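Below is one structure; the comments refer to it alone.
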Amino acid sequence: MTTNGNVSFWYAADGLPSPRPALAGDLDVDVAIVGAGYTGLWTAYYLAKADPSLRIAVLEARFAGFGASGRNGGWLANTITGGRAGYVRSHGRALVGDFQRMLNDTVDEVMSVAAAEGIEAHIVKGGELLVARNTAQLTRLEALAAEQATWPEDDAVRLSADETNARVRVAGALGGIHIPHCARIHPARLVQGLAQAVQRLGVVIHENTLVTEIRAGGRGKPATAVTERGTVRAAHVLRATEGFTANLASAHRDWLPMNSSLIVTEPLDAATWSGIGWEGCETLEDFAHAYVYLQRTHDGRIAIGGRGVPYRFGSRTDMDGATQPKTIKTLTGILHSMFPAADGARIEHAWSGVLGVPRDWKAAVNYDPATGLGFAGGYVGTGVTATNLAGSTLADLVLGRDTKATSMPWVNRTVRRWEPEPLRWIGVQAMYAMYHRADRQEAGGRATTSPLALLADKVSGRR
Ligand SMILES: Cc1cc2nc3c(=O)[nH]c(=O)nc-3n(C[C@H](O)[C@H](O)[C@H](O)COP(=O)(O)OP(=O)(O)OC[C@H]3O[C@@H](n4cnc5c(N)ncnc54)[C@H](O)[C@@H]3O)c2cc1C
Numbered sequence: 001m002t003t004n005g006n007v008s009f010w011y012a013a014d015g016l017p018s019p020r021p022a023l024a025g026d027l028d029v030d031v032a033i034v035g036a037g038y039t040g041l042w043t044a045y046y047l048a049k050a051d052p053s054l055r056i057a058v059l060e061a062r063f064a065g066f067g068a069s070g071r072n073g074g075w076l077a078n079t080i081t082g083g084r085a086g087y088v089r090s091h092g093r094a095l096v097g098d099f100q101r102m103l104n105d106t107v108d109e110v111m112s113v114a115a116a117e118g119i120e121a122h123i124v125k126g127g128e129l130l131v132a133r134n135t136a137q138l139t140r141l142e143a144l145a146a147e148q149a150t151w152p153e154d155d156a157v158r159l160s161a162d163e164t165n166a167r168v169r170v171a172g173a174l175g176g177i178h179i180p181h182c183a184r185i186h187p188a189r190l191v192q193g194l195a196q197a198v199q200r201l202g203v204v205i206h207e208n209t210l211v212t213e214i215r216a217g218g219r220g221k222p223a224t225a226v227t228e229r230g231t232v233r234a235a236h237v238l239r240a241t242e243g244f245t246a247n248l249a250s251a252h253r254d255w256l257p258m259n260s261s262l263i264v265t266e267p268l269d270a271a272t273w274s275g276i277g278w279e280g281c282e283t284l285e286d287f288a289h290a291y292v293y294l295q296r297t298h299d300g301r302i303a304i305g306g307r308g309v310p311y312r313f314g315s316r317t318d319m320d321g322a323t324q325p326k327t328i329k330t331l332t333g334i335l336h337s338m339f340p341a342a343d344g345a346r347i348e349h350a351w352s353g354v355l356g357v358p359r360d361w362k363a364a365v366n367y368d369p370a371t372g373l374g375f376a377g378g379y380v381g382t383g384v385t386a387t388n389l390a391g392s393t394l395a396d397l398v399l400g401r402d403t404k405a406t407s408m409p410w411v412n413r414t415v416r417r418w419e420p421e422p423l424r425w426i427g428v429q430a431m432y433a434m435y436h437r438a439d440r441q442e443a444g445g446r447a448t449t450s451p452l453a454l455l456a457d458k459v460s461g462r463r
């Protein structure tokens with residue numbers, strides 16, 4: 001019997017963390033951070049490191065690591081959310097090259113903080129492996145390889161089918177790309193370890209404390225985070241609520257909450273693993289439009305994720321990680337088609353999480369000294385690394401530091417909001433119907449990218 005939900009598989013072995021005390025009434029601090037995922041906690045970490053005298057409170061609706069940070073696929077990758085092309089147009093090639101190098105370094109920064117803080121998050125830096133499994137996917141792989149050739153910062157290497165299979169034997173692999181700047185991690189162990197690290201630095205995390213409203217400060221007045229348990233007044237109030245942001249009335253249409261789901265097998269036996277290979281623990285992805293992402297876990301399972309029901313009407317978010325039976329079936333089918341040798345393996349756990357999607361699919365780190373309000377997020381499905389850089393950048397902005405990080409193109413961006421319902425729901429359903437249909441056409445032998453996928457990219461604002 002497959003466990004469905006319970007936040008995520010990543011808590012199955014270690015258990016959910018013991019609750020921390022909730023806010024006990026009104027409070028005055030220097031910095032209030034709303035949300036205790038990677039973004040909120042990294043921000044707190046770098047602020048507390050930079051200025052140990054700061055009084056920092058993190059306000060969390062459930063528990064630290066309840067959101068995407070405790071549920072994701074565990075790819076610590078160097079991706080620039082939303083791609084590089086748009087930023088090249090707006091900010092020029094040189095700055096985007098710097099941004100890429102900064103994200104490469106951020107992978108190592110997370111690894112080095114984890115080591116320094118004694119966080120055992122099963123981190124293995126085996127790079128990212130992208131695999132094409134039909135002719136249309138191979139055409140997209142070639143296009144990406146050609147684009148990568150103009151970005152030496154990425155250090156990507158084009159692999160033949162044999163070279164791809166030498167790393168991981170994926171059925172039907174026609175070729176691959178390997179990017180070295182990526183590590184496989186255990187997401188919940190990273191977020192739990194980070195929460196403990198910030199507490200050691202004197203930051204107070206108030207759990208079971210839902211923020212219902214964030215109000216601007218200014219002209220000598222502090223900013224405020226209003227909760228059901230009291231009001232927190234602070235010189236700086238920073239929102240780090242990602243896929244749950246739509247629940248705050250003032251930000252309801254800022255980021256679309258998109259769902260992503262994963263399943264994980266039981267541990268595979270040695271004979272199955274020797275057929276599959278994957279000794280390098282690369283993170284693995286295909287070139288489908290409704291793509292899947294995979295990791296080989298520390299204890300020898302395969303975790304595979306992809307879009308389930310992508311979006312619920314009215315931006316409704318979460319059911320403690322439960323996903324739809326249909327999604328479990330779809331992901332299981334893809335797993336078996338990629339790794340026929342694993343088709344006898346039991347699916348032990350399935351879960352889902354919610355990520356934040358801005359209208360232009362690009363993340364932002366914003367801070368306004370006039371109001372004391374800031375936020376970071378909108379990473380779509382690529383926040384495990386980006387949250388670290390976002391957190392340190394937000395800390396720089398709060399401290400009024402002019403650094404290389406604060407000059408990056410994602411800082412202080414304005415993005416238009418999503419359409420009101422029902423247009424939002426109809427648009428996202430149509431987009432994913434088109435992606436799935438395009439994938440079926442391509443798997444059925446279509447040699448070039450389906451025009452349906454190109455249309456979906458246009459409708460969604462992705463390109
Ligand atoms: C299934 C899935 C797989 C993913 N896989 C990957 C991957 O492999 N690699 C990758 O780079 N990215 C991945 N992502 C994205 C990545 O996990 C996120 O970008 C990242 O974790 C975002 O961190 P965060 O702290 O901004 O948000 P979250 O971790 O979602 O934290 C937000 C926190 O805010 C709290 N909160 C929300 N509203 C309020 C409120 N009003 N008051 C108080 N607290 C509030 C929530 O309870 C939550 O704890 C994935 C996401 C999902 C859902």
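Using the UniProt record's numbering, the final residue of the sequence shown is 463, and nothing's skipped along the way.
For each residue, glycine too, the CB sits at the ideal point set by N, CA and C.
These numbers were taken from a predicted model, which means no experiment stands behind them.
What is the rounded straight-line gap between the Cα of residue i and the Cα of residue j?
| i | j | result |
| --- | --- | --- |
| Ser407 | Ser274 | 47 Å |
| Ala443 | Pro369 | 52 Å |
| Thr135 | Ser8 | 35 Å |
| Gly230 | Arg301 | 44 Å |
| Ile276 | Ala166 | 9 Å |
| Phe287 | Glu419 | 29 Å |
| Leu41 | Glu60 | 11 Å |
| Ala94 | Tyr87 | 10 Å |
| Cys281 | His236 | 41 Å |
| Gly372 | Val203 | 19 Å |
| Gln441 | Ser450 | 7 Å |
| His289 | Ala183 | 23 Å |
| Val157 | Leu174 | 15 Å |
| Asp131 | Thr164 | Here residue 131 is Val; the residue named in the question, Asp, does not match the sequence. Approximately 8 Å, taken between the alpha carbons. |
| Glu285 | Glu128 | 8 Å |
| Asn6 | Pro422 | 30 Å |
| Tyr45 | His298 | 27 Å |
| Tyr291 | Arg55 | 43 Å |
| Ile426 | Leu138 | 31 Å |
What are the residues that DSSP puts in a beta bridge with residue i?
| i | result |
| --- | --- |
| Ile185 | Answer by DSSP bridge pairing: none, since Ile185 is not bridged. |
| Tyr293 | Glu285 and Gly305 |
| Val204 | Ala57 |
| His349 | Thr3 and Val264 |
| Leu238 | Ile33 and Gly374 |
| Val198 | Bridge partners of Val198: none, in fact. |
| Val365 | Ala376 and Val411 |
| Trp255 | Pro358 |
Checking 8 Å against the spacing of the C-beta atoms, do residue i and residue j come in under that value?
| i | j | result |
| --- | --- | --- |
| Val365 | Ala376 | yes |
| Val58 | Ile205 | yes |
| Pro257 | Asn72 | no |
| Val31 | Leu47 | yes |
| His178 | Val107 | no |
| Gly305 | Ser250 | no |
| Ile123 | Phe99 | no |
| Arg62 | Asn208 | yes |
| Leu76 | Ile185 | yes |
| Gly378 | Gly353 | no |
| Thr265 | Ala342 | yes |
| Val411 | Gly374 | no |
| Leu238 | Leu23 | no |
| Tyr11 | Gly70 | yes |
| Ala234 | Ala36 | no |
Does DSSP put residue i in a helix, a strand or coil?
| i | result |
| --- | --- |
| His91 | helix |
| Ile119 | coil |
| Ser261 | strand |
| Arg424 | helix |
| Val415 | coil |
| Tyr432 | helix |
| Asp299 | coil |
Going by C-alpha to C-alpha distance, which of the options sits closest to residue i?
| i | options | result |
| --- | --- | --- |
| Gly74 | Ala85, Tyr38 and Arg62 | Tyr38 |
| Ala453 | Ala447, Arg446 and Met431 | Met431 |
| Ala322 | Gly35, Ala350, Arg296 and Pro340 | Ala350 |
| Gly126 | Glu279, Ala341, Ala290 and Gly374 | Glu279 |
| Arg133 | Ala386, Val168 and Ala121 | Val168 |
| Val211 | Gly193, His289 and Val232 | Val232 |
| Gly15 | Gln192, Arg239, Thr139 and Trp425 | Gln192 |
| Val226 | Asp26, Trp361, Glu120 and Tyr367 | Asp26 |
| Gly83 | Gly391, Glu117, Arg401 and Gly381 | Gly381 |
| Ala85 | Gly118, Gly35, Thr150 and Lys49 | Thr150 |
| Tyr435 | Gly220, Leu144, Asp457 and Asn4 | Asp457 |
| Trp361 | Arg416, Thr332 and Asn388 | Arg416 |
| Thr3 | Pro325, Arg413, Val96 and Arg101 | Pro325 |
Nearest chain D C-beta to residue i closer than 8 Å, yes or no?
| i | result |
| --- | --- |
| Arg253 | Looking for chain D here will not work: only one protein chain is present. |
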